[in-house]
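First residue of the sequence shown? That's 1 in the UniProt record's numbering, and the numbers climb one at a time after it.
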Amino acid sequence: MMKTQIPSQCVQTYWGNRRSVPGAFWDIDFLLFDQILQMQSSRGICGNLLEIGALFGKSAIVLGRHVKPQEKAIVCDIFDYSGANPENAEENSQSYKGLNRTKFEQNYLKWVEKLPEIINELSSNITERVETKSLRFAHVDGSHLFEVVGMDVANTRRLMNDFGVVAIDDFRAVHTPGVAAAVWAAVCNDDLMPICISEQKFYGSWSPEVAAKMRADLTRWAASQHNFINYGTQDVAGKSVLIIQNPPPWGGKVQLTLRIPNPWRPISIVIEIPAPWKKHIAALRMRDVVNLSWGRPYLGMQLSSENL
């Protein structure tokens, strides 16, 4: 196994047990979070770490493990709070059944000594609860509604320090067109500079210098994975973006050669089969591929039977 594949020391134990916490936090994004936070620390960049939309804590734990003594982790989630608007409440009831603050706290405390600062209310109040320009990293993974995501992104910009990086979840999923619209509107109209996109998350910064430096470092990291990770760089709306694909369930193939004798000359048949033991540590599992292809996410309001 290559050294560059291994997560940083502060999250290694959690990495080995990450599937004990439910949630859709893909392994490649776990590694990208880890790389970004580690790169910031190596440059002496300080600031608090925020997550909007924590669910059961799967990604919040990574932030908590990376917090330095002078920093704090902050989580904003409504959990089972009922103060959301009807459309947001319907999305929450369909997509996040069983979510409550107690389950989040139990999961978090298994891996982090101290609970984060918890803002148990709508993210619209975040600027009243978090100090301006105090963050070095934020993960926006709350509502999927266009207006709410746009507000979350704009508020995050106010809360970021000059070296901050934002990660935004579900920017290209079939059930989240509002997130896609809000993200690219921020890129085109509000100076959000792309750093990297995975299949699940958009990573960016409002500092062109920070975005360029982080993109270059992540490109070198992807290149160091020796063909286990498919990556490339494109220009989008006049801005460069690094694209990283999920590693496949297998990293290579094995050739089996069958030689069949006959009176004239031997016949050789070469069969290639996937080699599941030769793969990247962030490779998708087959169950993830199946769930991604045939899952039934909440897509929006539906007609009632009496209206058919």
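Even for Gly, the Cβ is constructed at its ideal location relative to N, Cα and C.
Neighbourhood of residue i by C-beta, 6 Å cutoff - its chain only, sequence neighbours within 5 removed
i      : result
Gln38  : Ser8
Asn107 : Val21, Phe56, Gly57
Val179 : His144, Val149, Asp170, Phe171
Gln40  : Arg136
Ser123 : Ile52, Cys76, Gly142, Asp152
Arg18  : none
Length of the line joining the Cα atoms of residue i and residue j
i      : j      : result
Gln234 : Ile260 : 48 Å
Asn246 : Glu71  : 31 Å
Thr4   : Asp217 : Caution is warranted here: a pLDDT of 45 is assigned to Thr4, below 50, making its placement in the model unreliable, and no coordinate value can be reported.
Arg101 : Ala181 : 30 Å
Pro208 : Met193 : 6 Å
Ile269 : His226 : 29 Å
Met1   : Asp152 : Its pLDDT being 37, under 50, Met1 is placed unreliably in this model, and the value from its coordinates should be taken loosely. Near 39 Å, if we compare the C-alpha coordinates of Asp152 and Met1.
Leu258 : Ile271 : 8 Å
Ser224 : Asp27  : 17 Å
Cys10  : Ser42  : 14 Å
Gln12  : Pro263 : 59 Å
Thr127 : Val241 : 29 Å
Glu117 : Lys68  : 14 Å
Met214 : Trp206 : 12 Å
Tyr81  : Pro177 : 25 Å
Phe79  : Ile119 : 10 Å
Leu99  : Leu256 : 49 Å
Val236 : Gly16  : 36 Å
Arg265 : Phe228 : 39 Å
Ile195 : Glu121 : 30 Å
Ala167 : Ile267 : 55 Å
Arg220 : Tyr14  : 25 Å
Among the options, the one whose alpha carbon lies nearest that of residue i
i      : options                       : result
Ala24  : Pro194, Met214, Lys68, Ala54  : Ala54
Gly44  : Ser59, Glu105, Ile28, Phe163  : Phe163
Met204 : Ala223, Val183, Thr219        : The sequence shown places Gly at residue 204, rather than the Met named in the question. Of the listed residues, the one whose Cα sits closest to Gly204 is Val183.
Cys76  : Pro69, Phe104, Lys68          : Phe104
Ala211 : Trp15, Gly16, Ile36, Tyr14    : Ile36
Ala222 : Trp206, Ile243, Lys213, Ser42 : Ile243
Gly238 : Val187, Val166, Ile6, Ala167  : Val187
Pro248 : Asn125, Tyr231, Val236        : Tyr231
Phe146 : Ala185, Tyr14, Asp190, Asn189 : Ala185
Cys46  : Asp80, Lys133, Tyr14, Ala154  : Lys133
Asn48  : Leu99, Glu121, Val165         : Val165
Asn189 : Glu121, Ala154, Cys196        : Ala154
One or two residues paired with residue i in a DSSP bridge
i           : result
Lys114      : None; Lys114 has no bridge partner.
Met160      : Leu135
Gly204      : Val166, Pro194
Tyr81       : DSSP lists no partner for Tyr81.
Glu121      : In the DSSP output, where bridge partners are listed per residue, Glu121 has none listed.
Cys76       : Ile52, Ile119
Tyr231      : Ile244
Arg172      : Looking at the DSSP assignment, Arg172 forms no beta bridge with any residue, so it has no partner.
Leu256      : Ile271
Val236      : Lys239
Val179      : Paired residue(s): none; Val179 is not in a bridge.
residue 309 : Coverage of the chain is limited to positions 1 through 308, which leaves residue 309 absent and any answer about it impossible.
Same chain, Cβ closer than 8 Å to residue i, five either side skipped, listed in chain order
i      : result
Ser59  : Gly23, Phe25, Asp29, Phe30, Phe33, Glu51, His139, Asp141
Asp191 : Trp206
Asn125 : Ile119
Chain-order list of residues whose beta-carbon lies under 7 Å from that of residue i (same chain, five-residue window excluded)
i      : result
Val130 : Leu50, Ile74, Leu159
Leu115 : Glu105, Tyr108, Leu109
Neighbour flag for residue i against chain B, beta carbons, 8 Å
i      : result
Ser205 : In the displayed structure, chain B is absent; only one protein chain is listed.
Quiz item: Is there contact between the segment 48-64 and the segment 137-145, where contact requires at least three CB pairs shorter than 8 Å?
Solution: At 8 Å Cβ cutoff, the stretches touch.
Quiz item: Are at least three pairs of beta-carbons, each pair with one atom in the segment 196-213 and one in the segment 170-182, less than 8 Å apart?
Solution: The segment 196-213, when compared against the segment 170-182, does touch it at the 8 Å Cβ threshold.
Quiz prompt | At least three beta-carbon pairs within less than 8 Å, the segment 101-121 to the segment 142-158 | solution = Flag = no, the segment 101-121 and the segment 142-158 do not touch.
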